[in-house]
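Going by the numbering used here, the sequence shown opens with residue 667, and the numbers climb by one from there. Even for Gly, the Cβ is constructed at its ideal location relative to N, Cα and C. Note that this is a predicted model, so its numbers are computed, not measured.
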Amino acid sequence: MKRKSRIMAALLSLWLMGSLILLAEPGGIALAQKPVPVKNPDGTTTTPGIRDERYGSGGTMDETTDERGRVTKRVWKDGRGNTMESELTEYGLGSGKWIETRIFNRLPNGFELKRVTTTRTDEVGNTISTTTETYEKGKRNGGTKTETDLSGRSRTYKLDPAKQIWMETNVDGTPLTSGQGGSSTAQGFAVASEAVGGLNTTTFTTPRGKVRVNLPDDMAAGDTLSGTVIAEALGKNDKERAANQGELSGYVVELEQQQASSTSRILKSAIPTASNTTYLILRDKDRKEVAKIEVPVAQQPPPVEKFDLPTLGQQGRAIEVTGRFDGDFSTTNVKVGGEDLEVLAESPRKVVARNSDNKIGPTELAVEERGQITKGEFHSLGIKLSAPKLNLLRGEQTTLTVTVHGLEGIREDVPLVLENKSVEVITMGEQNVERIIISPAQVQAGSYTINRQLTGIQPGGFTITGTVTATTNRGQARSLVLSHD
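Quick look at the structure:
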């Protein structure tokens, strides 16, 4: 009895000193070393051996943080110390992030890479793209990819294992059957265009990355207009992306003999009065044409006399304002809550800007054109999509929670559309597209929340979007990107 008391006293003393912790195991009580953070030569800190049974009893997780305390790496291990999953995070401008997750298979003679999921988000948390690649015997044998533009519109792709290239698909995963009329490309290049949210966005795909061109979607004969050129370099690390960005900065976009690069960013041009079509051309650093696409031009409509301001918009998405403009960025200024917004495109009848304001809730939208200022009430909304389980088995279910923030004080109904963009991977309740009306009476403490059930069908990344729309703009979306087994 005395011996037992001495043992208990010793254990209690060690526990109070903080040098050991007690872990409950199926067979009784076991002693384990308390995780001790280790400072790395590059300034990061790694805490090894954090208890985490994601991969079974006795499993651990090693976590690395940078000098600002942000998580940069996590490694999950099973009870035998074998690495089963790793997650790398890189931080860009603002709070934008690039996250790569690797899953490994246990084999009789070792382990091999099973799946890699990469997610990119912007500074306000909107998902820009998600890519899931599957591997067998060290070779990439399949994959899916979803990209979301500034208006919230998503494109989906599948990997062609034989050619090792991404092919654009419909939402259900079937190949696109309709071609892009009036386009031509050099080998290794591609081009596509779509009009949504007040923008006509053309995407040139190159071996080094993408070049996106935003123009107003109402281009007409005789217009003076402005647009933006944005380069998005490929690469799995800063060095690769920097090299590809340098290459892309030498490319120029041409419209009616006016050129602009991603470095100059702004493209200004004038459409001939007798034109009913024009061409957007991409040239490489040697000024050789590598891709071209036809852009429709409408007949000159009557001028818009009155400014019409939207009453709401989403953080990180496009805001469309109609009115009498001159098509020149230099005479236009758009502000939300006193903060200047990035103008993306302008015609004589509208301007489209990106809502980069980081505050949500009721505020003010102000548009200045040639010294004339128009103001209006505006709600800057945030949409959060979350689920407790991000790795589902086939047939396994989890609950999707959608919350719209910033609704305090609204006096009109707000349409909300939920859409499952990956119907071949998951199901969302009883329907994959659901239209909901948020009334002012349903808003509690400035927010509106709903839950929906998700069920896994097959492995792979998937995307769900929530879209809010206003009377005078065409809607913005927030993407939730998850993956499951």
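Is the beta carbon of Leu1058 sitting closer than 7 Å to the one on Met1094?
Mapped onto the sequence shown, residue 1058 falls at position 392. Mapped onto the sequence shown, residue 1094 falls at position 428. In this structure, Met1094 does not lie closer than 7 Å to Leu1058 by Cβ.
If I'm right that Gln980 touches Gly888 with Cβ under 8 Å, what's the distance once you round it to whole angstroms?
Counting from one through the sequence shown, the residue named residue 980 turns up at place 314. Counting from one through the sequence shown, the residue named residue 888 turns up at place 222. That belief does not hold up - the Cβ atoms of Gln980 and Gly888 are roughly 33 Å apart, past 8 Å.
With a Cβ-Cβ cutoff of 7 Å, do Leu914 and Ala899 count as a contact?
The residue given as residue 914 occupies position 248 in the sequence shown. The residue given as residue 899 occupies position 233 in the sequence shown. The answer is yes: Cβ separation under 7 Å.
To the nearest angstrom, how far is it from the Cα of Gly1042 to the Cα of Asn999?
The residue labelled residue 1042 in the question sits at position 376 within the sequence shown. The residue labelled residue 999 in the question sits at position 333 within the sequence shown. One C-alpha to the other measures close to 14 Å.
Could you compute how far the alpha carbon of Thr1131 sits from the alpha carbon of Glu1096?
Residue 1131 sits at position 465 when you count from the first residue of the sequence shown. Residue 1096 sits at position 430 when you count from the first residue of the sequence shown. In a straight line, the C-alpha of Thr1131 is about 16 Å away from that of Glu1096.
So what's Gly776 in DSSP terms, helix, strand or just coil?
Here residue 776 refers to the residue found at position 110 of the sequence shown. Looking at Gly776 - three-state DSSP - the assignment turns out to be strand.
Looking only at its chain, what residues have a beta carbon closer than 8 Å to the beta carbon of Ala940, apart from the 5 residues adjacent to it on each side?
In the sequence shown, counting from the first residue as 1, residue 940 sits at position 274. Hits under 8 Å: Ala887.
Would you identify the three-state DSSP class for Tyr917, choosing helix, strand or coil?
Residue mapping note: residue 917 aligns to position 251 of the sequence shown, counting from 1. Reduced to three states, the DSSP call for Tyr917 is coil.
Return helix, strand or coil for Ala926, following the three-state DSSP convention.
For the purposes of this step, residue 926 is identified with residue 260 of the sequence shown, where counting begins at 1. Correct three-state label for Ala926: strand.
Answer with yes or no whether the minimum CB distance from Ile1102 to chain B is below 7 Å.
The chain labelled as chain B is not found in the depicted structure, where only one protein chain is given.
From the DSSP output, in three-state form, read off Phe973 for me.
In the sequence shown, residue 973 corresponds to position 307, counting from 1. The answer is coil: DSSP assigns Phe973 none of H, G, I, E or B.
Less than 7 Å separating the beta-carbons of Val987 and Val1033?
Taking the sequence shown and counting its residues from 1, one reaches residue 987 at position 321. Taking the sequence shown and counting its residues from 1, one reaches residue 1033 at position 367. Yes, the pair counts as a contact, with Cβ atoms nearer than the cut-off.
Rounded to the nearest angstrom, what separates Ser1013 and Gly1048 at their Cα positions?
Reading the sequence shown from its first residue, position 347 is the one you call residue 1013. Reading the sequence shown from its first residue, position 382 is the one you call residue 1048. If you take the alpha carbons of Ser1013 and Gly1048, they lie about 28 Å apart.
When you compare only the Cα positions, how much space is there between Thr1069 and Thr943?
Along the sequence shown, read from residue 1 onward, the residue named residue 1069 stands at position 403. Along the sequence shown, read from residue 1 onward, the residue named residue 943 stands at position 277. Cα to Cα, the separation comes out at about 43 Å.
For the beta strand (DSSP E) containing Asn807, list its first residue and its last residue.
Here residue 807 refers to the residue found at position 141 when the sequence shown is read from its first residue. Taken as a continuous stretch (DSSP letters only), the beta strand (DSSP E) holding Asn807 covers 805-814.
Going along the chain, which residues of its own chain have a beta-carbon closer than 7 Å to the beta-carbon of Arg874, five neighbours each way excluded?
Within the sequence shown, the letter at position 208 stands for residue 874. Contacts found: Ala899, Leu900, Asn910, Glu913, Leu914.
In whole angstroms, what is the alpha-carbon distance linking Ala1053 and Val961?
Walking along the sequence shown from the start, residue 1053 turns up at place 387. Walking along the sequence shown from the start, residue 961 turns up at place 295. Using only the alpha carbons, I get a separation of about 41 Å.
Over the uninterrupted beta strand (DSSP E) stretch that includes Pro714, give me the two end residues.
Looking up residue 714 in the sequence shown gives position 48. Element bounds for Pro714: 711-717.
Which of the three DSSP states is assigned to Thr800 in this structure?
Residue numbering aside, residue 800 sits at position 134 when the sequence shown is read from its first letter. DSSP places Thr800 in strand when its eight states are reduced to three.
Nearest-angstrom Cα distance between Lys705 and Ser930?
One-based indexing of the sequence shown puts residue 705 at position 39. One-based indexing of the sequence shown puts residue 930 at position 264. Whole-angstrom Cα-Cα distance: 42 Å.
Where does Gly912 fall in DSSP's three states?
Within the sequence shown, the letter at position 246 stands for residue 912. Residue state, collapsed to three classes: helix.
Under the DSSP definition of a beta bridge, which residues are partnered with Ile1039?
On the sequence shown, residue 1039 is found 373 positions in, with the first residue counted as 1. Paired residue(s): Glu1034.
Is it the case that the Cβ atoms of Ser1046 and Thr1029 are separated by a distance below 7 Å?
As a first step, residue 1046 is located in the sequence shown; it is residue number 380 there, counting from the start. As a first step, residue 1029 is located in the sequence shown; it is residue number 363 there, counting from the start. Result yes, Cβ atoms of Ser1046 and Thr1029 sit closer than 7 Å.
Kindly indicate which residue of Thr787, Thr713, Ser859 has the alpha-carbon position closest to the one of Arg821.
As a first step, residue 821 is located in the sequence shown; it is residue number 155 there, counting from the start. Among Thr787, Thr713, Ser859, the Cα nearest to that of Arg821 is on Ser859.
Using a threshold of 7 Å, state whether the C-beta atoms of Thr894 and Leu1010 are closer than that.
Here residue 894 corresponds to residue number 228 of the sequence shown, with the count starting at 1. Here residue 1010 corresponds to residue number 344 of the sequence shown, with the count starting at 1. A contact, by the Cβ cut-off of 7 Å.
Please classify Trp807 as buried or exposed, where buried requires at least 16 other C-beta atoms within 10 Å of its C-beta.
Here residue 807 is taken as the residue at index 141 of the sequence shown, counted from 1. Reading off the sequence, residue 807 comes out as Asn, not Trp. It is exposed - the Cβ of Asn807 has fewer than 16 other Cβ atoms within 10 Å.
Can you grab the Cα-Cα spacing for the pair Lys951 / Val919, in whole Å?
Translated into positions along the sequence shown, residue 951 becomes position 285. Translated into positions along the sequence shown, residue 919 becomes position 253. Cα to Cα, Lys951 sits roughly 11 Å from Val919.
Determine the direct distance from the alpha carbon of Glu834 to that of Glu1090, and round the result to whole angstroms.
On the sequence shown, position 424 is the one that residue 1090 refers to. On the sequence shown, position 168 is the one that residue 834 refers to. If I take the Cα positions, the gap works out to 15 Å.
For Phe777, is the classification buried or exposed, using 16 other Cβ atoms within 10 angstroms of its Cβ as the cut-off for buried?
Numbered from 1 along the sequence shown, position 111 holds the residue referred to as residue 777. Classification for Phe777: exposed.
Cα-Cα, which of Gly725, Tyr801, Val1002, Leu1073 is closest to Ser1105?
Position 439 of the sequence shown holds residue 1105. Of the listed residues, the one whose Cα sits closest to Ser1105 is Leu1073.
DSSP state of Phe991, grouped into three classes?
Position 325 of the sequence shown, counted from the start, is the residue given in the question as residue 991. The answer is coil: DSSP assigns Phe991 none of H, G, I, E or B.
Excluding the 5 residues flanking Ile1103 on each side, which residues of the same chain have their C-beta closer than 8 Å to its C-beta?
One-based indexing of the sequence shown puts residue 1103 at position 437. For Ile1103, where only same-chain residues beyond five positions count, the Cβ hits under 8 Å are Asp1079, Val1080, Pro1081, Leu1082.
Just to check my reading of the structure: Leu891 and Tyr917 have Cβ atoms closer than 8 Å, yes? What is that Cβ distance to the nearest angstrom?
Position 225 of the sequence shown, counted from the first residue, corresponds to residue 891. Position 251 of the sequence shown, counted from the first residue, corresponds to residue 917. So it is not a contact: roughly 21 Å between Cβ atoms.
Can the beta-carbon of Ile769 be found less than 7 Å from the beta-carbon of Arg781?
Position 103 of the sequence shown, counted from the first residue, corresponds to residue 769. Position 115 of the sequence shown, counted from the first residue, corresponds to residue 781. Cβ atoms of Ile769 and Arg781: closer than 7 Å.
Using the three-state DSSP reduction, which class does Gly996 fall into: helix, strand or coil?
To locate residue 996, count along the sequence shown from 1; it is residue 330. As written in the sequence, residue 996 is Ser, which differs from the Gly given in the question. Ser996: helix per DSSP, three-state reduction.
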